[in-house]
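For the record, the sequence lines run as chains A and B.
Residue numbers for the first sequence, in this note's numbering: 1 to 257.
Residue numbers for the second sequence, in this note's numbering: 258 to 614.
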Amino acid sequence: MPFELTGVNFSYSGKKVIDDISLSFVPGNFCGIIGPNGCGKTTLLDLLAKHRQPTAGRIAYGSRDLRTYSTKELSKEIALVPQNFYINFPFTVKEVVMMGRYPHIPRFSAPTADDVDIVHEIMEKTEVSEFAGRFITELSGGERQRVVFARALAQDTHVLILDEATSNLDVNHSISLLNISEKRMKQQGRTIISVMQDINLAAIYCDYLVFMSKGRIAIHGATKDVLNSDTIHRVFNIDSKVYAEPYSDSLQLVFKK
Amino acid sequence: MPLQKLQKTGRFRKRLQQAAVVQFALLAVFLGAVIIISTGMGYIQLPPATVVKIIFAKLSGQSNLLEGMDSIFPVVVMDVRLPRILSAAIVGAGLAISGVVFQGILLNPLADPYTLGVSAGAAFGASLAILFNIGMMGSYSVPLFAFAGAVVTLLFVVYLSSSSGGLSSNNLILSGIIVAAILSAGISFLKYVADEQVAVIIFWLMGSFGSKTWTDVSLTFLFIFTGFLAFMFFARDMNLLSLGNRTASSLGVDTRKVTIFLLVTASLVAAICVSVSGIIGFVGLLVPHMMRLLTGPDNRRLIPMSLLAGAILLLIADTVTRAVLPSEIPIGVLTALIGGPFFCYIFRKQQRTRKVL
């Protein structure tokens, strides 16, 4: 289902973090959100996930206002891969991935055979099954991030929200996880909304880009239309060159010293 | 494969988890055995069989079973020892499960029922009641004041730490420490001006299960068991909370509501425990830790296991002060003297084998 934001504002202790944003996210799209640190990207994701409520404006998901969804209902629709992830308790990797199935399992029931199958399949695909039995507290930051990503995929939702989800992963696992997510998105008409720091990675995957600056939208549109050196200069205030790169079949960006 | 390695792969623990029901049953049987054996211990020694016979006779009302027995025995068992023993077990259980919840919500394996200043509040309330010799509610004045002190302290700590962004665990812990420090100074002052009652205050603060009645037992049980049911209802949500608020909320947990509900319930459970027995440290810290090593951090297993283990541990400690040591020492002192070093040992061992606690 599509997201429709109209005139959304969000203030945090008197400071406007999100300033009059109107946007829509269409299913079957990989949408990237790009902007400098502190421009409100993560807050925007929190608003979409209903972790925060807009101070003004309206967010509709499908035909209903987001506010009318219960947290429980939304957990079956929207999955989130957070940027920083700490856990103090020694759950096993498999237990953490299984937590992605909790929204689908009644409170006092055991996981069904289907739940177990989904968890195994996801762990296999994301290559975390090799440490399925280890404690999450013992993994490296990157390994832990892969587990958290797998947990969100196991949640099996229409919308996948990624908050710099691949920023501390090696290139091989970044690409593999994004490929898995993209494949599901294309085949099943799902939505991916991803905050990304790596503009070139975003250029390869995203159909649609939203550039943010100081809580506002600087420009948004299809990647081929909006990704150019003017936009980059406006948003990041640096000089760059954007060119069509045939190997990756995407626009790519280079800088100089 | 060496045990350490097996544990590390988690396979060892997985096998233990499959045996969760067995573990629970074993602990339950063990608790029953400890209750019966410790009831037989003390100035008048009774064999377990006699204890069982007396309890059975009283429960089923077949007083003919007691014929040929010294008539003091049933009194010792039913009126003197069992209320004390059951109080100790229930309070141990309560401290342990509230410890699990505090650790789970504050995302800090070192939190315990007292982290939020609950004990200091209770101690302050009790000291006030003792100092001013408040007797309007008879023998319940001191526990009631302790309970009120704990609740008021908790509310103040929550008020102090809440911001527009909700409750953060660091804020809660810091607020708890600040408030507890102020209250400790207050207690010192009360002791200073207390004069003759200072001994009563000090003894209460160190904890005791002496002179408990069946009314105490049933009231305490009612509260702690209700708390236990509430904790079990939210056990799965607590698992998700350990992933952080954002993630938990995206997995369907109303984080703010659940956090506050569990915090208040756990504090009430801890406050009840403190008001029954005075301050008994380390049970709420130690038991969840030991059980987590045994069953893993899944709260759906951890809470019931801690319930039983806490009961067993505090009951044994109370029996040691009551019936093993030549003279009774305050149980709070005993649990801290034994629990503290033991906790240091566990903590040190974990530091050597794991990156993160």
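All residues carry an ideal CB built from backbone N, CA and C; glycine is no exception.
Taking Cβ positions, are G538(B) and S355(B) nearer each other than 8 Å? no
By how many angstroms is the C-alpha of T296(B) removed from the C-alpha of R338(B)? 6 Å
Throw me the rounded Cβ distance for the D207(A) and V81(A) pair, which I believe falls under 8 Å. With a Cβ gap of about 19 Å, D207(A) and V81(A) do not count as contacting.
Strictly below 8 Å CB to CB, what residues from chain B border K16(A)? Correct list: empty, because the minimum Cβ distance to chain B is about 14 Å.
Opposite L5(A) in the DSSP bridges: which residues? L23(A) and I59(A)
At what residues does the beta strand (DSSP E) containing A218(A) begin and finish? R216 to A222
Any Cβ of chain B within less than 8 Å of the Cβ of R107(A)? yes
Under three-state DSSP, which class holds Q145(A)? helix
What's the call for T68(A), buried or exposed, on a 16-neighbour Cβ count within 10 Å? exposed
Using 8 Å as the threshold, is the C-beta distance between T42(A) and S22(A) below it? no
Kindly provide the ranges of any beta strand (DSSP E) runs that are 3 or more residues long and lie completely inside the stretch 141-194 of chain A, ordered along the chain. 159-163
Proximal chain A residues relative to K504(B), where beta-carbon distance stays under 7 Å: The sequence as given places Thr at residue 504(B); Lys does not occur at that position. The contacting residues are L80 and P82.
Residues of the stretch 162-186 of chain A in Cβ contact with chain B at a cutoff of 7 Å, in chain order, please. none
Quick one: list the residues of chain B neighbouring H51(A), beta-carbon separation under 9 Å, in chain order. N502, R503, S506, S507 and T512
Is the beta carbon of S384(B) less than 8 Å from the beta carbon of L447(B)? yes
With Y205(A) as the anchor, note down where its beta strand (DSSP E) starts and where it stops. Segment I199 to Y205 is the alpha helix (DSSP H) holding Y205(A); no beta strand (DSSP E) there.
Beta-carbon of I122(A) versus every beta-carbon of chain B: anything under 8 Å? no
Cut-off 6 Å between Cβ atoms - residues of its own chain near A527(B), not counting five sequence neighbours on either side: S355, P370 and V375
Under the rule that 16 or more other beta-carbon atoms within 10 Å means buried, what is D494(B), buried or exposed? buried
With the cut-off set at 8 Å, would you say I18(A) and L47(A) are in Cβ contact? yes
Hey, R579(B) and K469(B): beta-carbon distance below 8 Å or not? no
Just curious, the beta strand (DSSP E) that S213(A) is in, first and last residue? Y208 to S213
Based on DSSP bridge pairs, tell me the residues matched to S250(A). E245(A)
Apart from the five residues just before and just after T266(B), which ones in its own chain have a Cβ nearer than 6 Å to its Cβ? Summary for T266(B): the model assigns pLDDT 45, below 50, so the residue's position carries little reliability; its value from the coordinates is reported in the next sentence. Closer than 6 Å at the Cβ level, and outside the excluded window around T266(B), lies no residue.
Find the residues of chain A that neighbour L364(B), judging by a C-beta separation of less than 7 Å, and give them in chain order. N88
Sheet register partners of L80(A) (DSSP bridge): I161(A)
If distances are taken between C-alpha atoms only, which option among G32(A), A244(A), S240(A) and S248(A) comes closest to V254(A)? S240(A)
Going by CA-CA distance only, name the one from F604(B), I529(B), L582(B) and E324(B) that's closest to Y397(B). I529(B)
Distance check for I136(A) and V242(A), CA to CA, integer angstroms please. 40 Å
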